[in-house]
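Quick note on my numbering: the sequence shown kicks off at 28 and runs consecutively.
Backbone N, C-alpha and C define an ideal beta-carbon position, used for all residues, glycine too.
Following: one structure in structure tokens, then a few remarks.
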Amino acid sequence: DASLKGKRVCSAEGSTAYEALERKSFGALYKDDFEGTERDRDLLTVPNQLDCLVRLQLGEVDAVVTDNALAAGQAAQDPAV
């Protein structure tokens with residue numbers, strides 16, 4: 028949604044969330060560590076969602092886009108996020 032505008036966002040490569048962000052970014056900033064193509068040059072994709080949690084904890088991204096079940100699991104691991 029619009030709350031992603033200007034945010035550094037992380038998502039797992041090939042995930043439903045990643046595909047949704049490719050269709051509509053809502054102004055999110057991306058960096059693709061795998062491809063680095065012009066279309067997704069700022070999209071941060073990682074092999075799995077736990078890597079996104081680590082990037083968020085390290086301050087390398089501002090937000091993680093994932094599905095509700097995975098988000099709940101990540102929040103259980105680190106309530107600060």
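Whose C-beta lies closer than 7 Å to the C-beta of residue i among residues of the same chain, with five residues either side of it excluded?
{"i": "SER30", "result": "none"}
How about residue i: is its Cβ closer than 7 Å to a heavy atom in the ligand NAP?
{"i": "LEU85", "result": "As for the ligand NAP, it is missing from this structure, which has no ligand bound."}
Would you report the Cα separation of residue i and residue j, rounded to the nearest angstrom?
{"i": "GLN76", "j": "PRO106", "result": "16 Å"}
{"i": "GLY6", "j": "LYS51", "result": "Outside the modelled stretch of the chain, which goes from 28 to 108, sits residue 6, for which no answer is possible."}
{"i": "ALA102", "j": "LEU80", "result": "9 Å"}
{"i": "GLY100", "j": "GLU49", "result": "24 Å"}
{"i": "ARG35", "j": "GLN104", "result": "21 Å"}
Output needed for residue i: all residues of its chain with C-beta closer than 6 Å, excluding positions within five of it in sequence on either side, in chain order.
{"i": "GLU46", "result": "none"}
{"i": "ARG82", "result": "CYS37 and VAL88"}
Leaving aside the five residues before and after residue i along the sequence, list all residues of the same chain whose C-beta is less than 8 Å from its C-beta, in chain order.
{"i": "ALA98", "result": "VAL91"}
Answer with yes or no whether the minimum CB distance from residue i to chain C is below 8 Å.
{"i": "VAL36", "result": "Absent from the structure: chain C. Only one protein chain is present."}
Rank the options by C-alpha distance to the C-alpha of residue i and give the top, closest one.
{"i": "ALA55", "options": "GLY33, ASP89 and ALA39", "result": "GLY33"}
{"i": "ASP94", "options": "GLU87, ARG35 and ALA44", "result": "ALA44"}
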